[in-house]
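Colleague:
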């Protein structure tokens, strides 16, 4: 079956929220093929610890592609300990210029508790303007909800959870079974 004929894989909403000295990355668990939910409990948020430095990553897109990128990010972090920005830029450069990596279909949200970035295959390393970012099929819904909650007294985790609940109510490719990782 040609790639164009295969029904599209949909799913994933990932949000990153930085507030009050904490960064929370949360992701839903739904993976859909066409109109069918294939799995409801996928874990799309992971903690990496290269060289003893904690980094939390959330991914949207192809799982195999995302794991390839996470492995490469981990190697970049081992080569530049404690320098998430530098490792992210190096990954984005490789992703943009390497013929094999260019074919990977995924996006990442990464944080070391200080920095918060979105890394894309277009060579982008984006730091959110409003201390909140989101990717995936329900990303825009989660982003809008989260931004509306940022001025409240809620902590980062509660903002992420409420924003994800709103996204799950709107996006049919997002569910409420969350994986949440916090890093200070």
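Numbering (our numbering), first residue to last: 11 to 194. Cβ atoms here follow ideal geometry from the backbone N, Cα and C, with glycine treated the same way. The structure displayed is predicted, hence computed values, not measured ones.
Quick one, which of 136, 141, 39 has its alpha-carbon nearest residue 166's?
Modeller: If we check each option's Cα against that of residue 166, 141 comes out closest.
Colleague: For residue 109, which of helix, strand or coil comes out of DSSP?
Modeller: The answer is coil: DSSP assigns residue 109 none of H, G, I, E or B.
Colleague: Could you tell me which residues DSSP pairs with residue 65 in its beta bridges?
Modeller: Note: residue 65 sits in a beta bridge opposite 58.
Colleague: Indicate whether residue 72 and residue 116 have their beta-carbon atoms separated by less than 8 Å.
Modeller: Cβ distance < 8 Å, so residue 72 and residue 116 count as in contact.
Colleague: When you measure from the CB of residue 129 to every non-hydrogen atom of the ligand ADP, does any distance come out below 7 Å?
Modeller: Looking at this structure, you won't find the ligand ADP or any other ligand, since it has none at all.
Colleague: DSSP three-state label for residue 115, please.
Modeller: Residue state, collapsed to three classes: coil.
Colleague: Comparing the C-beta of residue 30 with each C-beta of chain D, is any distance below 8 Å?
Modeller: Judged by its chain identifiers, the structure shown contains no chain D, having just a single protein chain.
Colleague: Is the beta carbon of residue 146 closer than 8 Å to that of residue 46?
Modeller: Cβ distance not < 8 Å, so residue 46 and residue 146 don't count as in contact.
Colleague: Let me confirm a value: residue 110 is counted as buried when at least 16 other C-beta atoms fall within 10 Å, else exposed. Which label applies?
Modeller: The residue in question, residue 110, is exposed, as its Cβ has fewer than 16 Cβ neighbours within 10 Å.
Colleague: Taking only the alpha-carbon atoms, compute the straight-line gap between residue 192 and residue 123 and give it to the nearest angstrom.
Modeller: Rounded to whole angstroms, residue 192 to residue 123 spans 8 Å at the Cα level.
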